[in-house]
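What follows is a short report on a single structure.
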Amino acid sequence: MSKPVGLVGGTQRFSPRDWSLRVRLAVVLLVPGLVALVLGGLRIADQAGEAGELDRVERYATVQGGVATLVERLQQERYQAAVFVAQDRSADLEALESAIVEVDATAAETRPTVTALYDGDVDLVGSHRQALQGLARLPQLRNLVKTSNAPASAVISRYSELVDQLVELDDTLLLGINANEVDGLAGGLGGLATARNEATLQLALITAAAGTAEPPGTALVGLSGSAARLTAGLTDFRAGLDAGQRVRFGGLIAGASNTGRDRLVQSLLLRTEDGALPAETVNDAVAVLEPLVAEIDAAEDSVRAELMTTSTERREAAANLAGVNAVALLLSLLLGVAIVVLISRAMINSLRTLRRSALDIAEKRLPEAVLRMREGAVPDVDVEPVPVTTREEIGQVARAFDAVHAQALRLAAEQATLQISVNSMFVNLARRSQSLVDRQLQLIEDLESNEQDPDQLSNLFRLDHLATRMRRNSDNLLVLSGTDLAKRNSPAVPVVDVLQAALSEVEQYERIEVDQPPSVVVAGRAASDVQHLLAELLDNATSFSPPDTTVTMTTTRTGEGTVVVEIADAGVGMAPADVAETNVKLGRSSEVTVTASRRMGLFVVGRLAARHGIEVRLIAAETDMGLTARVILPPRLVEVDARTGRWGSSETAAPTGSGAGGIPQPRSDGDAPPRIAPPTGRTVPTEAWTPPLTEAPPPSVGAPRPATERPPVD
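Heads up, the sequence shown is in the numbering used here, so the first residue is 1074 and it goes up one at a time.
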């Protein structure tokens, strides 16, 4: 895999996506550590500056009150929008328009007050800008409410996104009130803001749900989460109070309004029957939620007032607490470092184990299992799990990888089974066709032996020739299925007989010139496959060359003991790139794919050559016209013939290379052409035979092909 090019050293060395897990965890620890140090330092410095701290607390508290008011106005607009949409946008717009006017006015008043606090507070700048961006989308959202067909749930969701941005600004302002004496009160204000937001959201959700025909489980999909957040907000509020403050404000949590709200929410969450919520549900929600919101507003005003009073009264004690806070901050950082180191070590060990196991499965175990299945082994889909036993995300990834591994094995087993079924189908069809063709050939031979008319005998020769080619197509199906056609104990066959049998299976045999072959024999186990391979190449050479040209087949024996058969034509040739690609395919036994049906000749030649270690290569002519197919038989497949090697038997003289293509005439007794060890068991005659040249006219080959492009062996 190539690495991304960068400006330094050729790679993006400092890109975060290339960092190791150790570095990333260190950064995760460093960033919050630095933030904590900065905030702690600011807090200590603020405690030391009494006057500045008091002024800061008062200013932030004042601005936070304005932002809180803006949030309340926007929550009210959200509720009115939900009511309007829930009533199919047919209700009066007066309430919604009034809420919109109040939001716009409050936003205009609040914006300059927040901007005045920008100095020295980067977090506030970012939060405020995000809030302003959210407010800028309000006109579009309001247009969505009034004119579109968006459901109430979508409207509530869009408003909630804007409210959350303003709540984030409110939280940022509360963080600015970072004096210890009022820190709890500031946190309490944040909890109250969260609780109020969720209370108004629940009212909007219930109102919207009552106006739709969807089941409660769908319409109130966000109610459960909102209830949890409201409870958490009230808990945060209580946690920020001291004992005396809890007495004054703590009754909010256990009050009648909150208890009634909780009962209503739980009853809605437990509702299972279909159909829209009844209208009285909205009345119940208004009856319990509006008093709760009022109580929250009252508590918020009281807490904010006490916050400002407390900051003024205890500013003198801030300096004494600065040292204590510094020590606590340091201890917290050290504890965080220790925890991160322990957790990161466990994570890294689990990830290393997962990576090692995944690579082992991907590079070794899975390929080996697939190979065994393709070779016919019994499929075993049981997988050894990745040795990561944790239940967190890394352990879940390990279990997911185990599932992927098992699924891959199951898929491979299914594919292997399918391939076996397809191969069996090919074998069945080919065997049936071969049986019929063999019977047809036998009948043709009987007719030839009894026929005296030269014209009829010539037609019978043609018919015999076509049947032979039909059987070669059946043999192609057997090759596709991976069936070995050769007989292991068959006797060696002279190469001259192999060449003659291949020639007899080519339609335009009269165009082929055959040179005198050497006196060698081909091993019986490979003779049929060699004959089949040569027939495919001869058929290709005659098919893709002009009908007025000849195809030359020469056979030589080298000093190393190999036999080289070259088939040369003067056809359209092939481009060098196509020749190279075809030679690559011929050099290996390809898998059966969709292209095998379109290029059966190429596929069959490659498989037959790979079966016996035969090398087949195509060589383009230097003139870009013509192509030579070179077949190299290894020494283990050939040996010197004990007989005197010549073209034909003792009864037929060797050809002289006449205009008839250098092929002798058939004997007068009309013997049928020999065939090499067919699967059906037909014997190979020892007498030589050559196709007729004068008794029967050559088969029509049609118009010449345009000399522009030549497909590979096909």
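Even for Gly, the Cβ is constructed at its ideal location relative to N, Cα and C.
Note that this is a predicted model, so its numbers are computed, not measured.
- For valine 1693, the residue or residues it bridges with in DSSP: The residue labelled residue 1693 in the question sits at position 620 within the sequence shown. First, the amino acid is wrong: residue 1693 is alanine here, not valine. DSSP, once it has assigned bridges, lists Leu1700 as partnering alanine 1693.
- Item | valine 1443 versus alanine 1641 - alpha carbon distance | The residue you call residue 1443 lines up with position 370 of the sequence shown. The residue you call residue 1641 lines up with position 568 of the sequence shown. Distance between the alpha carbons of valine 1443 and alanine 1641 is about 41 Å.
- Message: Buried or exposed for glutamine 1339, going by 16 or more other Cβ atoms inside 10 Å?
- Response: For the purposes of this step, residue 1339 is identified with residue 266 of the sequence shown, where counting begins at 1. Counting C-beta atoms within 10 angstroms of its own C-beta, glutamine 1339 has fewer than 16 neighbours from the protein chains shown and is therefore classed as exposed.
- Task: For glutamine 1604, count neighbouring Cβ atoms within 10 angstroms of its own Cβ and tell me buried if that reaches 16, exposed if not.
- Result: In the sequence shown, counting from the first residue as 1, residue 1604 sits at position 531. Burial call: buried.
- Query: Thinking C-alpha only, which one of Ala1479, Tyr1152 and Ala1259 is nearest threonine 1382?
  - Reply: Working through the sequence shown from its first residue, we reach residue 1382 at position 309. It is Ala1259 whose Cα lies nearest to the Cα of threonine 1382.
- Consult DSSP for aspartate 1588 and reduce its assignment to one of helix, strand or coil. If you number the sequence shown from 1, residue 1588 lands on position 515. Aspartate 1588 sits in coil when the DSSP states are folded into three classes, being neither helix nor strand.
- Same chain, Cβ closer than 6 Å to alanine 1682, five either side skipped, listed in chain order: In the sequence shown, residue 1682 corresponds to position 609, counting from 1. Leaving aside the five residues that flank alanine 1682 on each side, the residues in its chain whose CB is nearer than 6 Å to its CB run, in chain order, Val1689.
- Message: Spatial neighbours of proline 1351 within its chain, please: C-beta separation below 6 Å, excluding the five flanking residues on both sides.
- Response: For the purposes of this step, residue 1351 is taken as the residue at position 278 of the sequence shown. Answer for proline 1351: no residue qualifies.
- Message: Since arginine 1542 and glutamine 1507 should fall inside the 8 Å C-beta cutoff, what is the C-beta to C-beta distance between them, to a whole number of angstroms?
- Response: Reading the sequence shown from its first residue, position 469 is the one you call residue 1542. Reading the sequence shown from its first residue, position 434 is the one you call residue 1507. Actually they do not touch by this definition, with Cβ atoms about 13 Å apart.
- Hey, which unbroken runs of the alpha helix (DSSP H) at 4 residues or more fall wholly within the region 1244 to 1329? If you keep only unbroken alpha helix (DSSP H) runs of at least 4 residues inside the region 1244 to 1329, you get 1253 to 1283, 1289 to 1292, 1296 to 1312, 1316 to 1322 and 1324 to 1327.
- Query: For phenylalanine 1322 versus serine 1375, is the C-beta distance shorter than 9 Å?
  - Reply: As a working mapping, residue 1322 is identified with position 249 in the sequence shown. As a working mapping, residue 1375 is identified with position 302 in the sequence shown. It is a contact, given that the beta carbons lie within the stated cut-off.
- Selection from Gly1632, Gly1699 and Leu1147 that minimises the alpha carbon distance to valine 1624: As a first step, residue 1624 is located in the sequence shown; it is residue number 551 there, counting from the start. Nearest in C-alpha terms to valine 1624, of all of Gly1632, Gly1699 and Leu1147, is Gly1699.
- Query: Are the Cβ atoms of leucine 1606 and isoleucine 1585 separated by less than 9 Å?
  - Reply: Position 533 of the sequence shown, counting from 1, holds the residue named residue 1606. Position 512 of the sequence shown, counting from 1, holds the residue named residue 1585. Between leucine 1606 and isoleucine 1585, the gap from beta carbon to beta carbon reaches 9 Å or more.
- Message: Measuring straight from C-alpha to C-alpha, what distance separates leucine 1335 and alanine 1225?
- Response: Counting from 1 along the sequence shown, the entry for residue 1335 is found at position 262. Counting from 1 along the sequence shown, the entry for residue 1225 is found at position 152. As written in the sequence, residue 1335 is aspartate, which differs from the leucine given in the question. So the alpha carbons of these two residues sit roughly 23 Å apart.
- Task: Please go through the same chain and pick out, in chain order, the residues whose beta-carbon is closer than 7 Å to the beta-carbon of glycine 1313, but skip the five residues on each side of it.
- Result: Taking the sequence shown and counting its residues from 1, the one referred to as residue 1313 is at position 240. The answer, listed in chain order, is Gly1257, Leu1258, Gly1260, Gly1261 and Gly1264.
- How would you write the range of the beta strand (DSSP E) that aspartate 1642 sits in, first residue to last? By one-based count along the sequence shown, residue 1642 stands at place 569. Where aspartate 1642 is concerned, the enclosing beta strand (DSSP E) stretches over 1636 to 1642.
- Message: Considering only their Cβ atoms, is the gap separating alanine 1154 from threonine 1218 smaller than 9 Å?
- Response: In the sequence shown, the residue the question calls residue 1218 occupies position 145. In the sequence shown, the residue the question calls residue 1154 occupies position 81. Threonine is not the amino acid found at residue 1218; the sequence shown has valine there. Their beta carbons are under 9 Å apart, which means valine 1218 touches alanine 1154 by this criterion.
- Counting Cβ pairs closer than 8 Å, one from the region 1199 to 1217 and one from the region 1268 to 1277, do we hit at least three? With a cut-off of 8 Å, the region 1268 to 1277 and the region 1199 to 1217 do not count as touching, because too few Cβ pairs lie within range.
- Reduced DSSP secondary structure (H/G/I, E/B, other) of threonine 1354: Position 281 of the sequence shown, counted from the first residue, corresponds to residue 1354. Helix.
- Task: State buried or exposed for valine 1195, treating a residue as buried only when at least 16 other CB atoms are found within 10 Å of its CB.
- Result: Working through the sequence shown from its first residue, we reach residue 1195 at position 122. So valine 1195 ends up on the exposed side.
- How is the alpha helix (DSSP H) around glutamate 1654 delimited, first residue to last? Locating residue 1654 in the sequence shown gives position 581, where the first residue counts as 1. Looking at the DSSP string, the run of the alpha helix (DSSP H) that includes glutamate 1654 is 1649 to 1659.
- Query: With a CB to CB cut of under 7 Å and the five nearest residues on each side skipped, what residues in its chain are close to valine 1713?
  - Reply: Locating residue 1713 in the sequence shown gives position 640, counting from the first residue. Cβ within range, chain order: Ser1592 and Val1593.
- Leaving out the 5 sequence neighbours to the left and right, which residues in its chain are closer than 8 Å to alanine 1540 when beta-carbon positions are compared? Your numbering for residue 1540 matches position 467 in the sequence shown. Result list for alanine 1540: Val1510, Gln1513, Leu1514 and Ile1517, in chain order.
- Query: From leucine 1432 to valine 1657, what distance separates their C-alpha atoms?
  - Reply: The residue you call residue 1432 lines up with position 359 of the sequence shown. The residue you call residue 1657 lines up with position 584 of the sequence shown. About 29 Å.
- Query: Based on the DSSP secondary-structure assignment, which residues constitute the bridge partners of glutamate 1712?
  - Reply: Locating residue 1712 in the sequence shown gives position 639, counting from the first residue. Looking at the DSSP output, glutamate 1712 shares a beta bridge with Val1594.
- Item | Own chain, CB closer than 6 Å to leucine 1208, minus 5 neighbours either side, in chain order | Within the sequence shown, numbered from 1, the residue matching residue 1208 stands at position 135. Apart from sequence neighbours up to five positions away, the residues of its chain that approach leucine 1208 with a beta-carbon distance below 6 Å are Ala1180, ordered along the chain.
- Query: Cα separation between alanine 1329 and serine 1423?
  - Reply: Taking the sequence shown and counting its residues from 1, one reaches residue 1329 at position 256. Taking the sequence shown and counting its residues from 1, one reaches residue 1423 at position 350. Each residue's alpha carbon lies about 51 Å from the other.
- Query: Under the rule that 16 or more other beta-carbon atoms within 10 Å means buried, what is proline 1746, buried or exposed?
  - Reply: Counting from 1 along the sequence shown, the entry for residue 1746 is found at position 673. Any reading at proline 1746 needs caution, since the residue's pLDDT is 35, under 50, leaving its predicted position unreliable; the model's value is listed next. Buried: at least 16 other Cβ atoms inside 10 Å.
- Item | Start-to-end residues for the beta strand (DSSP E) that takes in threonine 1629 | Sequence index remark: in the sequence shown, residue 1629 carries index 556 (1-based). Where threonine 1629 is concerned, the enclosing beta strand (DSSP E) starts and stops at 1624 to 1630.
- List the endpoints of the continuous alpha helix (DSSP H) containing alanine 1178. By 1-based counting over the sequence shown, the position of residue 1178 is 105. Residues 1167 to 1188.
- Query: Which whole-angstrom value describes the C-beta separation of valine 1156 and threonine 1280, a residue pair presumed to lie in contact below a C-beta threshold of 8 Å?
  - Reply: Against the sequence shown, residue 1156 aligns to sequence position 83. Against the sequence shown, residue 1280 aligns to sequence position 207. With 8 Å as the limit, valine 1156 and threonine 1280 qualify as a contact, their Cβ atoms being about 5 Å apart.
- Query: Is there contact between the region 1228 to 1245 and the region 1144 to 1154, where contact requires at least three CB pairs shorter than 8 Å?
  - Reply: Enough Cβ pairs lie closer than 8 Å, so yes.
- Task: For the alpha helix (DSSP H) holding valine 1569, just list the boundary residues, first then last.
- Result: For the purposes of this step, residue 1569 is taken as the residue at position 496 of the sequence shown. Under the DSSP assignment, valine 1569 falls in the alpha helix (DSSP H) whose first and last residues are 1568 to 1577.
- leucine 1343 by DSSP, collapsed to three states: which one? If you number the sequence shown from 1, residue 1343 lands on position 270. DSSP places leucine 1343 in coil when its eight states are reduced to three.
- Output the distance between the C-alpha atoms of arginine 1505 and asparagine 1549, rounded to the nearest integer angstrom. Translated into the one-based positions of the sequence shown, residue 1505 becomes position 432. Translated into the one-based positions of the sequence shown, residue 1549 becomes position 476. Going from the Cα of arginine 1505 to the Cα of asparagine 1549 covers about 14 Å.
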